[in-house]
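Peer 1: Here it is, the structure, as structure tokens.
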């Protein structure tokens, strides 16, 4: 080793020469990735998404970061093994470190203070930048200490590189010419090795390169000799010798080469290289988890350079207040050019509530135009938004009160010239008293006039209106429809448009493979079946955009909310509604009650849904009856049966055939009533549900009899098919059915009536159905074929028509359920997964969609809970998932499995019994072609557990039914986020893995595999209430398997025992 003159200097050189500093540098960078990249569920969603136009920079930063971490091991280990090569790798590591630091700094300049948590992409000067600086400095120090000792060897190695390459080529040519593998050079004798080490310890230069060249020359000579022997007839001897020694010499030759230049034990060298391979594999995993495809944020208003100026040419308005009708609201204009809508309580002038406020000196209305392109696979939509120049100045020319509202007149201007007029109207609503708290509300209506930048003749271009207003730095947001990955938003970008949620949605590495090899059907966390542009915050405020087109809520800056509204139809106003509570007592419930007063409220479920499981069955009459008999034999209470394949199955995919006529081959007795009679013989109270979709197969193939007129032919005859802009029927094959289909034209009222009466209404023997799809209408320009359309849907072009189609689908099903009486004499149960801001009143039971058969927080069991909680914030008060998940995969991509394990099914039914209005199962959908029969709820391994928790659901049904009735009157959901019940306890705001069933039951479900205890936050109760353990009757006081009874009223977090069959549940009970 290098000479050591003293203990202190020796220790320092030991650190440098041993590669320790390089390992430390890489470890710190790895810590940056682990702490700041957010591989697990991040505390704040979407923090790793940079500003939209800099997404390529994010990919570069990610790649360099992974390379930098990976290079630390070779940089250290190769120095230990090969002195010269180690120096080269240290140089590479140092260059990568400096490059990475520069890239992160560039990201800072693009997005100053973009994130508050210091996550890697778009990272600002925080923990990430500090740790990265330390890491690079360690690299520099290690390089500086080691390079002087290695300089001559490194230069010598570079100088000999051409000759070594030539020698390798000659060796390879010789091997090819003889078609034989050359033998390795013999190992150095022990005396030679000792001489080399002794010379090195004396500081003498050892010319290892010359030695290796001599060895390579000997290899060539041996090869030539073997070739001569072949020519002389010694072929068999040489071949025998080589075949016997081929494997051993090939492997040992590599290890021996390492040993010849090694200063460390052989075992240590092997371990180091295995560690290097492990780092490589880990880096590959990191690249999976860092991949978020097409995460979109169209409103680029978060950047510092994009801020627009607000000018007040109407100077006399400064410092004045303008009353907004008789609502008690006032528009105040501050001297710092801040507009604010405030309410002052007449009974308490000190109590002032600010509903809405602009940023000092900044525009609150901006405009632009742009083109919106989309593409999809299996209804998983992506968008490419090309936005033109955004207006950079807003001028207010006049503010006046008239006819019960305040009108603001002015212009928005562009840097290259040109202006457009805007009119903003503010309407106030009377103060309402709900639940002891007062809610104030106002509506902002903005109309932008046409100008040369808004050419209406280009159909591919759409207007953009932007609303920008202030927020509090600590303000948290809830809502935005059914969000399956996150419930709480602080720094996020949330697009509002209906689309298929995708397969994986961030569950890695499955999502990575789906997006790379299956047309990006893995999607990302932003995909949702719903489009509800509504939120509420922890500051007792709420907002709602009434327009139906695509809107994007940009929450990425801590001081503002930016909303982009895409409008395909010109001249239509952009309308936003804002509300706030006067006090913060119970404010979330009152805000939700006020919102659902406008949007509508869900009606309760029919009473029979509480009687047991609603099971998915298929396979024809005989197979269905066999499955029902199996359920009965195992004592599984059944409330209903969902027969999805009543129209037949598509052989390639197994999906239901989209021709809504009974398949008389599989179900010959469906229409004549005999099949239902057979079911009633087995289970007298069971209900029958079918499957419907607004898509209809265009082909007449399938198991349906050919002499029956298909639904497609009937719709064509009724002129009820969507027509493309080319004048032909719009045909697609994108729903995952592997069969072409057309779209029912739900834009026509007579077509909605026809589908409700003649398609759904024709099946009079059913008590409900699944209303699938609705979110797949393409965004391209479409024509309806004739002029007989509703005024509200005069065009089905672009995102407005896309979202409106989903809303009309819900309306069609609501019409079908209201116009007919089910056999049970109750309204039918209609299960839907899509929803919009205007469809809530027509929804019977909202489904979270088809989750993977997994525990995942993006698309598994944990995501089902998040979907239910976020739906509750958005007015969808009754939700359910499919117990055990739906989408399963057996060896997907040869690597991944999603199967219904017994433990997953047991934990899912435990969760569903407390969290869902109805218990629903699904036969399963395979994502691979490999045959696999998923575990069903009637299988022996889970049947006892399933029966027990169906009984829990039945036991809780009366309480659930009362909560549904409350929801139909107030909009407050049955299952509630903790913040809804405890709005003044800040500890509840970020909780996403526990919930309240009403105000009585606190549930902390087990959402992880092999977990027998969960962390559960117990909020404080009033002095007359205490938390009681739900399973008290089953509790053995002498046992340590479960937690003791919790009767204290102070807030606390406990580690709650949760063995299978006893999930962590507490009941709020009165204390006497």
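Numbering (UniProt numbering), first residue to last: 1 to 1072.
Note that the Cβ used here is the ideal one computed from N, Cα and C, for glycine as well.
As the structure is a prediction and not an experimental result, all values here were calculated from the model.
1. Excluding sequence positions up to five away, which residues of its chain have a Cβ less than 8 angstroms from the Cβ of residue 321?
2. Buried or exposed: which applies to residue 685, given that a residue is buried once 16 or more other Cβ atoms fall within 10 Å of its Cβ?
3. According to the Cβ coordinates, are residue 946 and residue 636 closer than 8 angstroms?
4. Let me confirm a value: residue 935 is counted as buried when at least 16 other C-beta atoms fall within 10 Å, else exposed. Which label applies?
5. Out of 326, 677, 618, which has the shortest C-alpha to C-alpha gap to residue 657?
6. Across the region 907-920 and the region 872-884, are there enough close Cβ pairs to call them in contact, namely three or more that are closer than 8 angstroms?
7. For the beta strand (DSSP E) that residue 538 lies in, which residues bound it at each end?
8. If you check the beta carbons only, do residue 873 and residue 977 fall under 8 angstroms apart?
9. Where do the N-terminal and C-terminal ends of the alpha helix (DSSP H) with residue 599 fall, by residue?
10. Sort 1002, 655, 662, 638 by Cα distance to residue 646 and report the nearest one.
11. Check this for me: beta carbons of residue 639 and residue 613, under 8 angstroms apart or not?
12. Please classify residue 965 as buried or exposed, where buried requires at least 16 neighbouring CB atoms within 10 angstroms.
13. Between residue 327 and residue 432, what straight-line distance do the alpha-carbon atoms span, to the nearest angstrom?
14. Where do the ends of the alpha helix (DSSP H) carrying residue 628 lie?
15. By the DSSP assignment, the alpha helix (DSSP H) with residue 805 in it spans what residues?
16. Would residue 870 be called buried (16 or more neighbouring beta carbons within 10 Å of its own) or exposed?
17. Measure the beta-carbon distance from residue 596 to residue 540 and round it to whole angstroms, keeping in mind my assumption that it falls under 8 angstroms.
18. Put residue 974 into one of helix, strand or coil per three-state DSSP.
19. Going by the beta-carbon positions, is the gap between residue 715 and residue 744 smaller than 8 angstroms?
20. Indicate the three-state DSSP secondary structure (helix, strand or coil) for residue 716 in the structure shown.
21. Check whether the Cβ atoms of residue 742 and residue 696 lie closer than 8 angstroms to each other.
22. Checking 8 angstroms against the spacing of the C-beta atoms, do residue 395 and residue 340 come in under that value?
23. What does residue 1081 pair with, by DSSP beta-bridge criteria?
24. Relative to the C-alpha of residue 391, which residue among 1064, 307, 577 is closest?
25. Ordered along the chain, which non-local residues of its own chain (more than five positions away) have a Cβ less than 8 angstroms from that of residue 357?
26. Using 10 angstroms around the beta-carbon of residue 1065, count the other beta-carbons present and answer buried if the total reaches 16, otherwise exposed.
27. Assuming the contact rule is C-beta atoms closer than 8 angstroms, residue 898 and residue 854 should be a hit. Round their C-beta distance to whole Å, please.
28. DSSP state of residue 765, grouped into three classes?
29. I believe residue 479 touches residue 572 by the beta-carbon criterion, under 8 angstroms. Please report the beta-carbon distance rounded to the nearest angstrom.
30. With a CB to CB cut of under 7 angstroms and the five nearest residues on each side skipped, what residues in its chain are close to residue 620?
31. Nearest CA to the CA of residue 376: which residue from 1022, 523, 442?
32. Over what stretch of residues does the alpha helix (DSSP H) that includes residue 751 continue unbroken?
33. Contact defined as beta carbons within less than 8 angstroms: I believe residue 830 pairs with residue 844. What is the distance between those atoms, to the nearest angstrom?
34. May I ask which residues mark the beginning and end of the beta strand (DSSP E) holding residue 907?
35. Check whether the Cβ atoms of residue 837 and residue 851 sit closer than 8 angstroms, and answer yes or no.
36. Alpha carbon to alpha carbon, how far is residue 99 from residue 533? Give it in angstroms, no decimals.
Peer 2: If we stick to the structure as given:
1. Answer for residue 321: 330, 331, 332, 333, listed in chain order.
2. The residue is exposed, with fewer than 16 neighbouring Cβ atoms inside 10 Å.
3. In this structure, residue 636 lies closer than 8 angstroms to residue 946 by Cβ.
4. That one is buried.
5. Minimum Cα-Cα distance from residue 657 among the listed residues 326, 677, 618 corresponds to 618.
6. The region 907-920 makes contact with the region 872-884; the number of CB pairs closer than 8 angstroms reaches 3 or more.
7. DSSP places residue 538 outside any beta strand (DSSP E), giving it a letter other than H or E.
8. Judged by their CB atoms, residue 873 and residue 977 are nearer to each other than the 8 angstroms cut-off.
9. Run containing residue 599: 587-599, per the alpha helix (DSSP H) assignment.
10. Closest by alpha carbon: 662.
11. Using a Cβ distance threshold of 8 angstroms, residue 639 and residue 613 count as a contacting pair.
12. It is exposed - the Cβ of residue 965 has fewer than 16 other Cβ atoms within 10 Å.
13. Approximately 10 angstroms, taken between the alpha carbons.
14. Counting along the chain, the alpha helix (DSSP H) containing residue 628 begins and ends at 621-633.
15. Counted as a single uninterrupted DSSP element, the alpha helix (DSSP H) harbouring residue 805 occupies residues 798-818.
16. Residue 870 should be labelled buried.
17. 17 angstroms between Cβ atoms; not a contact.
18. Three-state DSSP puts residue 974 in coil, outside helix and strand.
19. Judged by their CB atoms, residue 715 and residue 744 are nearer to each other than the 8 angstroms cut-off.
20. DSSP places residue 716 within a helical segment (H, G or I) once states are collapsed to three.
21. The criterion of a C-beta distance shorter than 8 angstroms is satisfied by residue 742 and residue 696.
22. Cβ distance not < 8 angstroms, so residue 395 and residue 340 don't count as in contact.
23. The displayed coordinates of the chain run from 1 to 1072. Any statement about residue 1081 would go beyond what the structure contains.
24. When C-alpha distances from residue 391 are compared across 1064, 307, 577, the shortest belongs to 307.
25. Exclusion of the five residues before and after residue 357 leaves 338, 339, 340, 341, 469, 470 as the residues of its chain whose Cβ lies within less than 8 angstroms of its Cβ.
26. Residue 1065 comes out buried.
27. Their Cβ separation, rounded to whole angstroms, is 5 angstroms, which keeps residue 898 and residue 854 in contact under 8 angstroms.
28. In the three-state reduction of the DSSP assignment, residue 765 falls in the coil class.
29. In fact, because the Cβ distance is near 24 angstroms, the residues do not count as touching under 8 angstroms.
30. Here the set comprises 666, 667.
31. Of the listed residues, the one whose Cα sits closest to residue 376 is 523.
32. Residue 751 -> alpha helix (DSSP H) spans 749-754.
33. About 4 angstroms; that satisfies the 8 angstroms criterion.
34. Unbroken run through residue 907 is the alpha helix (DSSP H), 902-915; no beta strand (DSSP E).
35. In this structure, residue 837 lies away from residue 851, with their beta-carbon atoms at least 8 angstroms apart.
36. C-alpha separation (whole angstroms): 41 angstroms.
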